[in-house]
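Asker: Got a structure for you, written out below as structure tokens; questions coming shortly.
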Amino acid sequence: MTLDLTDFHRRTNHTYASARRRTRGLDWANRPHPFKEYLDLPLIHLPSPRPAAPVLHSGQMTLEAVGHILHYSAGVTRVRQTDGEPFYFRAYACAGALYPIEVYVVAGELEDLTAGVYHYHPKHHALRPLRDGDYRGHLVAATAGDGAIAAAQVTIVLTGIYWRTMWKYEARGYRHLYWDSGMILANLFELTETMQVPARLVIGFVDERVDRLLGLDGRHEVSLELVPIGRGAAVEPSAAIIPVIDPEVQLSAREIEYPQALAAHNESRLRSPAEVEQWKLKQ
Numbered sequence: 331m332t333l334d335l336t337d338f339h340r341r342t343n344h345t346y347a348s349a350r351r352r353t354r355g356l357d358w359a360n361r362p363h364p365f366k367e368y369l370d371l372p373l374i375h376l377p378s379p380r381p382a383a384p385v386l387h388s389g390q391m392t393l394e395a396v397g398h399i400l401h402y403s404a405g406v407t408r409v410r411q412t413d414g415e416p417f418y419f420r421a422y423a424c425a426g427a428l429y430p431i432e433v434y435v436v437a438g439e440l441e442d443l444t445a446g447v448y449h450y451h452p453k454h455h456a457l458r459p460l461r462d463g464d465y466r467g468h469l470v471a472a473t474a475g476d477g478a479i480a481a482a483q484v485t486i487v488l489t490g491i492y493w494r495t496m497w498k499y500e501a502r503g504y505r506h507l508y509w510d511s512g513m514i515l516a517n518l519f520e521l522t523e524t525m526q527v528p529a530r531l532v533i534g535f536v537d538e539r540v541d542r543l544l545g546l547d548g549r550h551e552v553s554l555e556l557v558p559i560g561r562g563a564a565v566e567p568s569a570a571i572i573p574v575i576d577p578e579v580q581l582s583a584r585e586i587e588y589p590q591a592l593a594a595h596n597e598s599r600l601r602s603p604a605e606v607e608q609w610k611l612k613q
């Protein structure tokens, strides 16, 4: 399905009338689970966050530094009881407090963290290992040799889960993925600036390669932004085939897809390093 993005943007805009129109009711029994879970994957608990940023010796990233950045950009900062159940507020403002953004870490070998691909669980302030080994070269290849990605000790990847926001906002929720991830990015860059660690935003990459690295299907959850952090010896690009990751636990009993939103994202996907290079030339 192809889509006129300008038309999609117009159709999902709020007007004075639409903002006051009665909307469909919410299916509370089918509300998406607010946390992404995996079966049979251990948790690597991060050091308890402290208000003061950790001191980095020679600018080298550590597990404590990674945990500090993750907690204060996207972690759980407050728990409140609502209707007898805990509600977990995060460090970033989010449309409807639905928190559709997931956070992943692609790390080289750190002093106290082995190289690998990890998913961040904000409720537990912990990492779940998805892949063992140094996969930074796959991000270098996906970004057509981006220098900041190649030299980064750690790259944080933000992704968006459609259903978690479209449960309430329907197709309009697509734009919320970027609003909400933008809030995390604002926190993240403020933190790295305070810690005097180099960080950069990278949004040009081969979507399918990054999705596959993280175990995403590109239909229910998609890669949005990459943030390379720290600086070390540059790694070479890698195009080696990597195995599929077992899927995570389903968010709710029934998920509704919005084809227009999927088509909107597909229209913006880059499909090869050559397309990434062409896109860079236009920026």
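Quick note on numbering: the sequence shown equals residues 331 to 613 in my numbering. Backbone N, C-alpha and C fix where the C-beta goes; we use that ideal spot for every residue, glycine too. Given the structure is predicted, the values throughout are model-derived calculations rather than measurements.
Just the Cα atoms here: how many angstroms apart are Val396 and Lys366?
Answerer: Position 66 of the sequence shown, counted from the start, is the residue given in the question as residue 396. Position 36 of the sequence shown, counted from the start, is the residue given in the question as residue 366. Rounded to the nearest angstrom, the two C-alpha atoms are 19 Å apart.
Asker: Where do the N-terminal and C-terminal ends of the beta strand (DSSP E) with Tyr434 fall, by residue?
Answerer: Along the sequence shown, one-based indexing puts residue 434 at 104. Per DSSP, Tyr434 belongs to the beta strand (DSSP E) from 431-437.
Asker: Around the C-beta of Thr412, are 16 or more other C-beta atoms found within 10 angstroms, so that it is buried, or is it exposed?
Answerer: The residue given as residue 412 occupies position 82 in the sequence shown. So Thr412 ends up on the exposed side.
Asker: What is the DSSP secondary structure of Tyr402, counted as helix, strand or coil?
Answerer: The residue given as residue 402 occupies position 72 in the sequence shown. Tyr402: helix per DSSP, three-state reduction.
Asker: Tell me the rounded alpha-carbon separation between Leu457 and Arg502.
Answerer: As a working mapping, residue 457 is identified with position 127 in the sequence shown. As a working mapping, residue 502 is identified with position 172 in the sequence shown. Roughly 31 Å separates the two Cα atoms.
Asker: Using 8 Å as the limit for Cβ to Cβ distance, is Val579 near chain C?
Answerer: Absent here is chain C; the protein component of the structure consists of one chain.
Asker: DSSP on Phe519, reduced to helix/strand/coil?
Answerer: Reading the sequence shown from its first residue, position 189 is the one you call residue 519. If DSSP states are grouped into helix, strand and coil, Phe519 belongs with the helices.
Asker: Below 8 Å, can you find three or more Cβ-Cβ pairs linking the stretch 459-470 to the stretch 513-529?
Answerer: As far as the Cβ criterion goes, the stretch 459-470 does not touch the stretch 513-529, which means the pair count is below three.
Asker: Would you decide whether Gly355 is buried or exposed? Buried here means 16 or more other CB atoms lie within 10 Å of its CB.
Answerer: Against the sequence shown, residue 355 aligns to sequence position 25. Exposed, since its Cβ has fewer than 16 Cβ neighbours within 10 Å.
Asker: Suppose you measure from the CA of Val565 to the CA of His449; what does that come to, to the nearest Å?
Answerer: The residue labelled residue 565 in the question sits at position 235 within the sequence shown. The residue labelled residue 449 in the question sits at position 119 within the sequence shown. Computed Cα separation, rounded: 22 Å.
Asker: If distances are taken between C-alpha atoms only, which option among Gln590, Gln580, Gly562 comes closest to Ser388?
Answerer: Reading the sequence shown from its first residue, position 58 is the one you call residue 388. Ser388 has its Cα closest to that of Gly562, out of Gln590, Gln580, Gly562.
Asker: Does the beta-carbon distance from Thr539 to Ala472 come in below 8 Å?
Answerer: The residue given as residue 539 occupies position 209 in the sequence shown. The residue given as residue 472 occupies position 142 in the sequence shown. Checking the sequence shown, residue 539 turns out to be Arg, not Thr. In this structure, Ala472 lies closer than 8 Å to Arg539 by Cβ.
Asker: Would you tell me roughly how many angstroms separate the C-alpha atoms of Thr485 and Asn517, rounded to the nearest one?
Answerer: Residue numbering aside, residue 485 sits at position 155 when the sequence shown is read from its first letter. Residue numbering aside, residue 517 sits at position 187 when the sequence shown is read from its first letter. Roughly 15 Å separates the two Cα atoms.
Asker: For Gln580, is the classification buried or exposed, using 16 other Cβ atoms within 10 angstroms of its Cβ as the cut-off for buried?
Answerer: Here residue 580 refers to the residue found at position 250 of the sequence shown. With fewer than 16 other Cβ atoms within 10 Å, it is exposed.
Asker: Closest to Tyr588 by CA distance: which of Arg505, Arg599, Gly467 is it?
Answerer: Walking along the sequence shown from the start, residue 588 turns up at place 258. Ranking Arg505, Arg599, Gly467 by Cα distance to Tyr588 puts Arg505 first.
Asker: From the DSSP output, read off the bridge partner residues of Arg461.
Answerer: Residue numbering aside, residue 461 sits at position 131 when the sequence shown is read from its first letter. Partner(s): Val447.
Asker: From Glu432 to Ala594, what distance separates their C-alpha atoms?
Answerer: Working through the sequence shown from its first residue, we reach residue 432 at position 102. Working through the sequence shown from its first residue, we reach residue 594 at position 264. Cα to Cα, Glu432 sits roughly 20 Å from Ala594.
Asker: Assuming Phe338 is part of the alpha helix (DSSP H), what are its boundary residues?
Answerer: Sequence index remark: in the sequence shown, residue 338 carries index 8 (1-based). That run of the alpha helix (DSSP H) goes 335-341.
Asker: For a minimum of 3 consecutive residues, which ranges assigned as the beta strand (DSSP E) are wholly contained in the stretch 462-513?
Answerer: Runs found: 484-491.
Asker: Is Thr336 buried or exposed, if buried means 16 or more other CB atoms sit within 10 Å of its CB?
Answerer: As a working note, residue 336 is residue 6 in the sequence shown. Exposed, since its Cβ has fewer than 16 Cβ neighbours within 10 Å.
Asker: Starting from the Cα of Ala383, find the closest Cα among His401, Pro372, Leu369 and give me that residue.
Answerer: The sequence position of residue 383 within the sequence shown is 53, counting from 1. Checking every option, the nearest Cα to that of Ala383 belongs to His401.
Asker: Closer than 8 Å by C-beta to His363: which residues in its own chain qualify, once you throw out the five before and the five after it? Chain order, please.
Answerer: Walking along the sequence shown from the start, residue 363 turns up at place 33. Once the five neighbours on either side are set aside, the close Cβ partners of His363 are Val579, Leu581, Ser582.
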